[in-house]
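Asks:
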Amino acid sequence: MTKSPYNHLNSEMIAKLEAIVGPENVESTDTARLEALAKDETPGLPPHPPPEAAVRPATAAEIAEIMKLANKWRVPVTPRGAGSGLSGGAVPLYGGILILMDRFDKILEIDEKNMMATVEPGIISNDINERLAPLGLFHAGYPMSLETCQIGGNIAENAGGGKAIKYGVTSRYVLGLEVVTPTGDIIELGGKILKDVTGYNLLQLMVGSEGTLGIVTKIILRLVPLPKHQVDLLCLFDSLDAASEAVPAIMTECGITPSSLEFMDILSFKTACGHLRENIPVGNAEAALIVSVDGHDKKRVQEDYLAVGEFCEKRGAFEIFVADNPATSERIWKIRRTIPEAFAIMSDLQRGEDVVVPPASIPAATRYFADLAERHGVIIPCYGHAGDGNLHVRITAPAEWPRERWNKELPDILDQIHSFVAKLGGTLTGEHGVGLKHKQRISIFLSKEEIAISKAIKNAFDPNNILNPGKIFPE
Amino acid sequence: MRIAIPIKQVPDTKSVRLDESTGTLVRDGIESIVNPLDLYAIELALQARERLDGETTAISMGPPKAEEALREALAMGIDHAVLATDRTFAGSDTWATAKVLAETIRYHGAPDLVICGERATDGDTGQVGPALAAFLGLPVAAYVNSVKKISRNSITVSKLLEDGEETVELPLPALITVVKEVAVPRLPTLSGKRRAISADILIVSNDNLRLPDSELGLKGSPTRVAKTFTPKATRECVNRTAATAEEAIPAARDLMAFLNDRGIRLSSEASQ
Numbered sequence: 029m030t031k032s033p034y035n036h037l038n039s040e041m042i043a044k045l046e047a048i049v050g051p052e053n054v055e056s057t058d059t060a061r062l063e064a065l066a067k068d069e070t071p072g073l074p075p076h077p078p079p080e081a082a083v084r085p086a087t088a089a090e091i092a093e094i095m096k097l098a099n100k101w102r103v104p105v106t107p108r109g110a111g112s113g114l115s116g117g118a119v120p121l122y123g124g125i126l127i128l129m130d131r132f133d134k135i136l137e138i139d140e141k142n143m144m145a146t147v148e149p150g151i152i153s154n155d156i157n158e159r160l161a162p163l164g165l166f167h168a169g170y171p172m173s174l175e176t177c178q179i180g181g182n183i184a185e186n187a188g189g190g191k192a193i194k195y196g197v198t199s200r201y202v203l204g205l206e207v208v209t210p211t212g213d214i215i216e217l218g219g220k221i222l223k224d225v226t227g228y229n230l231l232q233l234m235v236g237s238e239g240t241l242g243i244v245t246k247i248i249l250r251l252v253p254l255p256k257h258q259v260d261l262l263c264l265f266d267s268l269d270a271a272s273e274a275v276p277a278i279m280t281e282c283g284i285t286p287s288s289l290e291f292m293d294i295l296s297f298k299t300a301c302g303h304l305r306e307n308i309p310v311g312n313a314e315a316a317l318i319v320s321v322d323g324h325d326k327k328r329v330q331e332d333y334l335a336v337g338e339f340c341e342k343r344g345a346f347e348i349f350v351a352d353n354p355a356t357s358e359r360i361w362k363i364r365r366t367i368p369e370a371f372a373i374m375s376d377l378q379r380g381e382d383v384v385v386p387p388a389s390i391p392a393a394t395r396y397f398a399d400l401a402e403r404h405g406v407i408i409p410c411y412g413h414a415g416d417g418n419l420h421v422r423i424t425a426p427a428e429w430p431r432e433r434w435n436k437e438l439p440d441i442l443d444q445i446h447s448f449v450a451k452l453g454g455t456l457t458g459e460h461g462v463g464l465k466h467k468q469r470i471s472i473f474l475s476k477e478e479i480a481i482s483k484a485i486k487n488a489f490d491p492n493n494i495l496n497p498g499k500i501f502p503e
Numbered sequence: 038m039r040i041a042i043p044i045k046q047v048p049d050t051k052s053v054r055l056d057e058s059t060g061t062l063v064r065d066g067i068e069s070i071v072n073p074l075d076l077y078a079i080e081l082a083l084q085a086r087e088r089l090d091g092e093t094t095a096i097s098m099g100p101p102k103a104e105e106a107l108r109e110a111l112a113m114g115i116d117h118a119v120l121a122t123d124r125t126f127a128g129s130d131t132w133a134t135a136k137v138l139a140e141t142i143r144y145h146g147a148p149d150l151v152i153c154g155e156r157a158t159d160g161d162t163g164q165v166g167p168a169l170a171a172f173l174g175l176p177v178a179a180y181v182n183s184v185k186k187i188s189r190n191s192i193t194v195s196k197l198l199e200d201g202e203e204t205v206e207l208p209l210p211a212l213i214t215v216v217k218e219v220a221v222p223r224l225p226t227l228s229g230k231r232r233a234i235s236a237d238i239l240i241v242s243n244d245n246l247r248l249p250d251s252e253l254g255l256k257g258s259p260t261r262v263a264k265t266f267t268p269k270a271t272r273e274c275v276n277r278t279a280a281t282a283e284e285a286i287p288a289a290r291d292l293m294a295f296l297n298d299r300g301i302r303l304s305s306e307a308s309q
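Protein sequences appear in the order of chains F and V.
Our numbering applies: residue 29 is where the first sequence begins, and numbers increase by one.
Our numbering applies: residue 38 is where the second sequence begins, and numbers increase by one.
Quick look at the structure:
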């Protein structure tokens, strides 16, 4: 365990926290519940000490008060949403206070005239869209964990997901934030405005800052019209190369921007199907793509999917399944969403990477990962939002490997993946964040100067390094 | 072999909302899908056709929009589609619906086998299949969970009973209604979709069927909905908590006794 430069909570401090949020909203004795808060969904994340107290504030003012005390006490504070993160961002490194955001679970306003919604960070992302759908609107973020993750977490990680290729990532839709700063001030950034160059863009600095620069307590989201029609194509290719080469080609040659363009190698696809008892016949497929098109005019959407489908046939898809209603669409997407879970049960020895390469380099990357897996005797299922160059690379060792072998080989495998990605001009993480998991690897992708500037920014916000310490940057 | 598959377009249950002031379903803007159990009927029909040759026809009664459901069936591989649509059919209950479907099937040509989904997710009655068999004068097996044997003259199926299964052989022509264990529906393919987009759908109205008005729509429907309401939950949940292993044993015993009283026996695997 890392030696803590911080103080521990004592009973007097806990009593003060109870006075702020109410004793029923402070957990400091139930070790099982606290231990459950010492992890997230990151595969292979080593165990961390639990927080000393988990508090559930209901207002920004309560959080501000807690931050002021934490600075005085020199006790670290970690904000946490649904705990569905994939980089340990909401896992405290030094115990201290964990702030649970689940009481911030309201949609405060849906402003149809401005096409904006004001929401609290603890609401489940999908619930926002369920409320918006009858109004013909939607929030275009579409993380794969949409039914569990919270919008606050999406902002902390600047989540991307399955629709980023057409709609962009979370930051595009964040117009305003209310934030409690690490020193306990409440600030408002941005607002119900679509253009704003007044001063530095602190709003966008906050998005993707992994809960290290402030705690978001209110969000103004830009909404877009909900497309009335969506069709998903599941395209099977008998060659991995043909499938990955089709990805950039669909973007450049087809003249249609799909709303999703997902890649799954056959290992990912079959494992998820097996987990779901889904029996789609795959023949000799080596890879599958999900290509979705959406729009407001049914006929146009039909023309688009027929054109994309025909293009995929030309590029070597030997079978294409079509889902044009919620039932069949869910059947196809469920396969994609189930991949992480299907692998999670195979072996304890796993590590999920979330690299991004320029879209045209997808074929080179998928080939490289397949060869790498063979060289090391591990499996590296490769899947992800290939249309925007974001690949999820889940290194999985056979369950019978001794842990020592895994510990020895993993850094070597990671080095090779990351140097190859860096050589292609790619980056470390596209949407999962650096958190705890990647902080030792950040220097492969960021220069010394960049890291120094970033640390200076952190210091300007948080001089005592109280908020979510030990994340993103190596000590 | 000629196989007819009556199908229904239903609202996607995931997106159905209730108008709280009137207590009725809000159907505006709700996406429509093929009734999920009908997809299993379609799959079974396609498998039978692959083994025995012949042709399959999907038949639906509904508004013109129900054509979408028929095109989905065509995209899965069904050969022909017939839509019975007429303003006079609107408001039909299960009796009147079965009557129109029976006449439509006769109009299109007598099949050797009719395969229905056991029930639709919107009405949830499970009556149309057997009623259709009665109007067509066919033997019927409901709740079919597997087809054991099928030939040109007969079909042997296993059907679910309340406390087990029963295997029956029916002479053809016959009608069966199927549950989801019977097959796994295939997804429509792009080539199927292309075919379905341009396929002709036979439209049948009452000009073709010539059923008397008194047998159609609300007039021909003996069902009267007197009132709809949400039933109150009458079950009560009793929590038994146990902080230690010693306390867990009597709690588990109580639970076993509770189940025993209701005639529920745990299998040896589960009770270990």
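Here a beta-carbon is modelled for each residue, glycine too, at the ideal position from N, C-alpha and C.
#1: For a test of the three-state rule: what should DSSP assign to G14 of chain F, helix, strand or coil?
#2: When DSSP builds the beta bridges, which residues end up paired with F291 of chain F?
#3: What is the C-beta distance between S56 of chain F and E80 of chain F, in whole angstroms, given that I count them as a contact (C-beta under 8 Å)?
#4: Step through the CB atoms of chain V and report whether any lies within less than 8 Å of the CB of F349 of chain F.
#5: Specify the secondary structure class of Q444 of chain F as computed by DSSP and reduced to three states.
#6: Could you tell me which chain V residues have their CB closer than 7 Å to the CB of R365 of chain F, listed as they occur along the chain?
#7: Leaving out five residues on either side along the sequence, give the residues of the same chain with a beta carbon under 6 Å from the beta carbon of E206 of chain V.
#8: Assuming N72 of chain V is part of the alpha helix (DSSP H), what are its boundary residues?
#9: Looking at E92 of chain V and D116 of chain V, is the spacing between their C-beta atoms short of 8 Å?
#10: Run the CB neighbour count on A60 of chain F, radius 10 Å, all protein chains shown included, and call it buried at 16 or more, exposed below.
#11: Using a Cβ-Cβ cut-off of 8 Å (strictly less than) and excluding sequence neighbours within five positions of S482 of chain F, which residues of its own chain qualify?
#12: Distance check for Y228 of chain F and A488 of chain F, CA to CA, integer angstroms please.
#13: Run through chain V and tell me which residues come within less than 9 Å of N353 of chain F, C-beta to C-beta.
#14: Quick one: give me the first and last residue of the beta strand (DSSP E) that A82 of chain F is part of.
#15: Y307 of chain F CB to nearest chain V CB: under 8 Å?
#16: Identify whether G380 of chain F lies in helix, strand or coil by the three-state DSSP scheme.
#17: I want to verify the contact list: residues of chain F whose CB lies under 9 Å from the CB of T226 of chain V, in sequence order.
#18: Mapping the DSSP letters down to three states, classify H466 of chain F as helix, strand or coil.
#19: Using DSSP with H/G/I as helix, E/B as strand and the rest coil, what is V275 of chain F?
#20: Can you tell me where the alpha helix (DSSP H) with M257 of chain F in it begins and where it stops?
#21: Quick check: the region 456 to 475 of chain F against the region 209 to 222 of chain F, are there 3 or more CB pairs under 8 Å?
#22: Just to confirm before moving on: does the CB-CB distance between D322 of chain F and S287 of chain F stay below 8 Å?
#23: Is it buried or exposed, I215 of chain F, if we count other Cβ atoms within 10 angstroms and call 16 or more buried?
#24: Hey, A184 of chain F and G239 of chain F: beta-carbon distance below 8 Å or not?
#25: Indicate whether at least one CB of chain V lies closer than 8 Å to the CB of L174 of chain F.
#26: Please tell me whether L261 of chain F has its Cβ less than 8 Å away from any Cβ of chain V.
#27: Return the bridge partner residues of T457 of chain F from the DSSP annotation.
#28: Let me make sure I understand the geometry here. Which of V:L224, V:P210, V:H145 and V:V181 has the alpha-carbon closest to that of A95 of chain V?
#29: Can at least three beta-carbon pairs, one atom from the region 127 to 145 of chain V and one from the region 266 to 275 of chain V, be found at a separation below 8 Å?
#30: Okay, do the region 125 to 143 of chain F and the region 102 to 112 of chain F touch, 3+ Cβ pairs below 8 Å being the bar?
#31: Taking only beta-carbon positions, decide if K186 of chain V is within less than 8 Å of chain F.
#32: Going along chain F, which residues have a C-beta under 8 Å from A112 of chain V?
#33: Buried or exposed: which applies to F295 of chain V, given that a residue is buried once 16 or more other Cβ atoms fall within 10 Å of its Cβ?
#34: Kindly list, in the order they appear in chain V, the residues whose Cβ is closer than 7 Å to that of T394 of chain F.
Replies: According to the data block:
#1: Since the displayed chain F opens at 29 and closes at 503, residue 14 of chain F lies outside it and no answer follows.
#2: Beta-bridge analysis with DSSP links F291 of chain F to F:L317 and F:G412.
#3: Indeed they touch by this definition, with Cβ atoms about 6 Å apart.
#4: So yes, F349 of chain F belongs to the interface.
#5: It is helical.
#6: Within chain V, no residue comes near R365 of chain F; the closest Cβ sits about 15 Å away, beyond 7 Å.
#7: If we look at E206 of chain V and ignore the five residues flanking it on each side, its Cβ neighbours are S191 and T193.
#8: For N72 of chain V, no alpha helix (DSSP H) encloses it, and the DSSP letter there is neither H nor E.
#9: Closer than 8 Å, so yes.
#10: With fewer than 16 other beta carbons inside 10 angstroms of its own, A60 of chain F counts as exposed.
#11: So the qualifying residues of the chain are L474, I500 and F501.
#12: Going by the C-alpha atoms only, they are around 14 Å apart.
#13: By Cβ distance, chain V contributes D49, E68, S69, I70, V71, E105 and E109.
#14: Taken as a continuous stretch (DSSP letters only), the beta strand (DSSP E) holding A82 of chain F covers A81 to V83.
#15: Tyr is not the amino acid found at residue 307 of chain F; the sequence shown has Asn there. Taking Cβ atoms only, chain V reaches closer than 8 Å to N307 of chain F, which makes this a yes.
#16: In the structure shown, G380 of chain F falls within a strand segment according to DSSP collapsed to helix, strand and coil.
#17: Going along chain F in sequence order, the residues near T226 of chain V (Cβ under 9 Å) are E347, I348, F349 and V350.
#18: It is coil, neither helix nor strand.
#19: V275 of chain F falls in the helix class under three-state DSSP.
#20: Here residue 257 of chain F turns out to be His, not Met, going by the sequence shown. The continuous stretches of alpha helix (DSSP H) do not include H257 of chain F, which lies in the beta strand (DSSP E) extending over residues H257 to F265.
#21: Result no; under three Cβ-Cβ pairs closer than 8 Å.
#22: A contact, by the Cβ cut-off of 8 Å.
#23: With fewer than 16 Cβ atoms within 10 Å of its Cβ, I215 of chain F is classed as exposed.
#24: Taking the C-beta atoms as reference points, G239 of chain F is found nearer than 8 Å to A184 of chain F.
#25: It does not: the Cβ of L174 of chain F has no partner Cβ on chain V nearer than 8 Å.
#26: Yes, contact with chain V.
#27: Listed as beta-bridge partners of T457 of chain F by DSSP are F:D382.
#28: The residue with the shortest Cα to Cα distance from A95 of chain V is V:H145.
#29: Output reads no: the region 266 to 275 of chain V does not touch the region 127 to 145 of chain V.
#30: They touch, by the three-pair rule.
#31: Interface criterion not met: the Cβ of K186 of chain V is under 8 Å from no Cβ in chain F.
#32: V350, listed in chain order.
#33: Around the Cβ of F295 of chain V, a 10 Å sphere holds fewer than 16 other Cβ atoms; the residue is exposed.
#34: For T394 of chain F, no chain V residue has a C-beta closer than 7 Å to its own C-beta; the minimum C-beta separation is roughly 24 Å.
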